[in-house]
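Undergrad: To start, I am sharing the structure in question, which I have written as structure tokens.
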Amino acid sequence: MKGAAKVRVQGAAEPILGRMLKERGLTEPPLWKSRPPETRARMARWTELGKVRDGAVNPRRTEIADIGAETEALKAMARDLGASVVGCARLTPLMVAEGIDLPHDYIFCLVVGEDYGQALGGPRAVETESTSVYVRCAEIATALADHVRALGYPAVAHHNGGDDIMALPALYAAGFGELGKHGSLIHPTLGASFRPGFVTTTMPLALDEPYRFGVQDTCMKCNICANNCPAEAIPPANEYEITEGVRRWITDVEKCYTVSRLREQYCHICVDVCPYIHKENGDPVRKAQYKQYMAMRKKAGYRTPAWFPEQAAEVLDE
Numbered sequence: 001m002k003g004a005a006k007v008r009v010q011g012a013a014e015p016i017l018g019r020m021l022k023e024r025g026l027t028e029p030p031l032w033k034s035r036p037p038e039t040r041a042r043m044a045r046w047t048e049l050g051k052v053r054d055g056a057v058n059p060r061r062t063e064i065a066d067i068g069a070e071t072e073a074l075k076a077m078a079r080d081l082g083a084s085v086v087g088c089a090r091l092t093p094l095m096v097a098e099g100i101d102l103p104h105d106y107i108f109c110l111v112v113g114e115d116y117g118q119a120l121g122g123p124r125a126v127e128t129e130s131t132s133v134y135v136r137c138a139e140i141a142t143a144l145a146d147h148v149r150a151l152g153y154p155a156v157a158h159h160n161g162g163d164d165i166m167a168l169p170a171l172y173a174a175g176f177g178e179l180g181k182h183g184s185l186i187h188p189t190l191g192a193s194f195r196p197g198f199v200t201t202t203m204p205l206a207l208d209e210p211y212r213f214g215v216q217d218t219c220m221k222c223n224i225c226a227n228n229c230p231a232e233a234i235p236p237a238n239e240y241e242i243t244e245g246v247r248r249w250i251t252d253v254e255k256c257y258t259v260s261r262l263r264e265q266y267c268h269i270c271v272d273v274c275p276y277i278h279k280e281n282g283d284p285v286r287k288a289q290y291k292q293y294m295a296m297r298k299k300a301g302y303r304t305p306a307w308f309p310e311q312a313a314e315v316l317d318e
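One point on numbering: in the working numbering, the residue at position 239 of the sequence shown is 239, and numbering is uninterrupted.
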């Protein structure tokens, strides 16, 4: 299958980021230079996993008599390995990067939820958590792809160590939730606080369906992420596109990069201020954490990208 999605590549090779760095006389984003050794080690781990995304296929194929049962077994394996949510969809060109010819029919999707409480620890804590979860997704996807190939079917793991898959349409088709105005998918339990991994394969999978629970109707009225974005990169509610019947708000990537790449501190604000971390699931712990976090944002100044640990501590002590 020939891909049709314009997937952003990682790092300075991404055209917009590359141009912005060149204009500023930089060789790498300030964010990267400020990363501590433990975060760099985690990133090196997913880079290594990127080298083993594919592998030899067992020539003695296991015939699948019950697609539903085999799919459920694969889902159970993913959960046992640490996946929070799993789902399957038929692969389409909009899920595959432009220029990539991926000879597979199905995509297995998984996400691992982030610990929302890390938002109370500041950008370094959030970045460490995010990186750790990305690596776990890569490890799970790699193990699943190995398993599928052992059954005799081609399979490739996709994660942050590779850029072949457009995550959002795949997750949407597999029933993980709806696209929010901040450009991330929102799950009813995890909100937007998760990271994904994928396996594409020719092994037949039982398909899931899109799941809508009112997110986009809320986003048309809610401006919390837009009002808190330091770069003002999130569009107004009435500025969206329709792709295959799905409303999509397009974040201004260049504006986003001014605070998410060209500063030394990690920016995760649009996700952390989204009320869906507790709005749908009613989790009292997350609701309390969200209230504390938003109090910090109020003290810091809603649009500022800066973080004030002493102010955060004051809020937590109240």
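Cβ coordinates follow ideal geometry from the N, Cα and C atoms, glycine included.
Only counting runs of 4 or more residues, tell me where the alpha helix (DSSP H) segments fall wholly within the stretch 218–245, in order along the chain.
TA: If we require 4 residues or more, the alpha helix (DSSP H) runs fully inside the stretch 218–245 come out as 224–228.
Undergrad: If you measure between the beta carbons of residue 88 and residue 205, is that distance less than 8 Å?
TA: As a position in the sequence shown, residue 88 is number 88, starting the count at 1. As a position in the sequence shown, residue 205 is number 205, starting the count at 1. Yes. Within cutoff.
Undergrad: Using DSSP with H/G/I as helix, E/B as strand and the rest coil, what is residue 106?
TA: On the sequence shown, residue 106 is found 106 positions in, with the first residue counted as 1. In the structure shown, residue 106 sits in a strand (DSSP, three-state: E or B).
Undergrad: State yes or no: is the beta carbon of residue 116 nearer than 8 Å to at least one beta carbon in chain B?
TA: The structure shown has no chain B; it contains just one protein chain.
Undergrad: Is the stretch 50–60 close to the stretch 136–156, with three or more CB pairs under 8 Å?
TA: Touching, per the Cβ criterion.
Undergrad: Excluding sequence positions up to five away, which residues of its chain have a Cβ less than 6 Å from the Cβ of residue 229?
TA: The sequence position of residue 229 within the sequence shown is 229, counting from 1. Within the same chain, residue 229 has close Cβ partners 270.
Undergrad: Within 10 angstroms of its Cβ, does residue 131 collect 16 or more other Cβ (buried), or is it exposed?
TA: The residue you call residue 131 lines up with position 131 of the sequence shown. So residue 131 ends up on the buried side.
Undergrad: Return helix, strand or coil for residue 318, following the three-state DSSP convention.
TA: On the sequence shown, residue 318 is found 318 positions in, with the first residue counted as 1. Low local confidence applies: a pLDDT of 41 at residue 318 is under 50, so the model's placement there is unreliable, with the coordinate-based value given in what follows. It is coil, neither helix nor strand.
Undergrad: With the cut-off set at 8 Å, would you say residue 12 and residue 18 are in Cβ contact?
TA: By one-based count along the sequence shown, residue 12 stands at place 12. By one-based count along the sequence shown, residue 18 stands at place 18. Yes; because the gap between Cβ atoms is below 8 Å, this pair is in contact.
Undergrad: Output the distance between the C-alpha atoms of residue 303 and residue 227, rounded to the nearest integer angstrom.
TA: Reading the sequence shown from its first residue, position 303 is the one you call residue 303. Reading the sequence shown from its first residue, position 227 is the one you call residue 227. Whole-angstrom Cα-Cα distance: 7 Å.
Undergrad: Would you mind stating whether residue 167 and residue 196 have Cβ atoms separated by less than 8 Å?
TA: In the sequence shown, counting from the first residue as 1, residue 167 sits at position 167. In the sequence shown, counting from the first residue as 1, residue 196 sits at position 196. Against a cut-off of 8 Å, the Cβ pair of residue 196 and residue 167 comes out as a contact.
Undergrad: Report the option in 265, 165, 21 whose CA atom is closest to the CA atom of residue 101.
TA: The residue given as residue 101 occupies position 101 in the sequence shown. Measuring from the Cα of residue 101, the nearest candidate turns out to be 165.
Undergrad: Use the C-beta contact count for residue 291: other C-beta atoms within 10 angstroms, 16 or more gives buried, fewer gives exposed.
TA: Along the sequence shown, one-based indexing puts residue 291 at 291. Under this definition residue 291 is an exposed residue.
Undergrad: For residue 285, name the three-state secondary structure that DSSP assigns.
TA: Here residue 285 is taken as the residue at index 285 of the sequence shown, counted from 1. Residue 285: helix per DSSP, three-state reduction.
Undergrad: Would you mind working out which of 301, 201, 33, 64 sits nearest residue 149, comparing C-alpha positions?
TA: Within the sequence shown, the letter at position 149 stands for residue 149. Closest option to residue 149, Cα to Cα, is 201.
Undergrad: Return the first residue and the last residue of the alpha helix (DSSP H) that residue 145 is part of.
TA: One-based indexing of the sequence shown puts residue 145 at position 145. Segment 123–150, the alpha helix (DSSP H) holding residue 145.
Undergrad: Can you confirm whether the stretch 71–87 touches the stretch 110–119 when touching is taken to mean that 3 or more C-beta pairs between the two stretches lie within less than 8 Å?
TA: Verdict: yes, contact present.
Undergrad: Just to check my reading of the structure: residue 286 and residue 277 have Cβ atoms closer than 8 Å, yes? What is that Cβ distance to the nearest angstrom?
TA: In the sequence shown, counting from the first residue as 1, residue 286 sits at position 286. In the sequence shown, counting from the first residue as 1, residue 277 sits at position 277. About 5 Å; that satisfies the 8 Å criterion.
Undergrad: Taking Cβ to Cβ, would you say residue 305 is nearer than 8 Å to residue 253?
TA: Taking the first residue of the sequence shown as position 1, residue 305 is located at position 305. Taking the first residue of the sequence shown as position 1, residue 253 is located at position 253. Going by C-beta atoms, residue 305 is not nearer than 8 Å to residue 253.
Undergrad: Would you mind listing the alpha helix (DSSP H) stretches within the stretch 3–71 that are 4+ residues and don't spill past its ends, in chain order?
TA: Here the runs fully enclosed are 15–23, 30–33, 37–49.
Undergrad: Can you tell me the Cα-Cα spacing of residue 182 and residue 103, whole angstroms?
TA: Within the sequence shown, residue 182 is the residue found at index 182, counting from 1. Within the sequence shown, residue 103 is the residue found at index 103, counting from 1. Roughly 32 Å separates the two Cα atoms.
Undergrad: For residue 267, which of helix, strand or coil comes out of DSSP?
TA: Sequence index remark: in the sequence shown, residue 267 carries index 267 (1-based). Residue 267: coil per DSSP, three-state reduction.
Undergrad: DSSP on residue 295, reduced to helix/strand/coil?
TA: Residue mapping note: residue 295 aligns to position 295 of the sequence shown, counting from 1. Three-state DSSP puts residue 295 in a helix.
Undergrad: At a cut-off of 7 Å, would you count residue 291 as near the ligand SAH, judging by its Cβ distance to the nearest heavy atom?
TA: Because no ligand of any kind appears in the structure shown, any question about the ligand SAH cannot be addressed here.
Undergrad: Starting from residue 201 and walking both ways along the beta strand (DSSP E), at which residues does that stretch end?
TA: For the purposes of this step, residue 201 is taken as residue 201 along the sequence shown, with counting starting at 1. Looking at the DSSP string, the run of the beta strand (DSSP E) that includes residue 201 is 194–201.
Undergrad: Which partner residues does residue 163 have in the DSSP bridge list?
TA: Walking along the sequence shown from the start, residue 163 turns up at place 163. DSSP lists no partner for residue 163.
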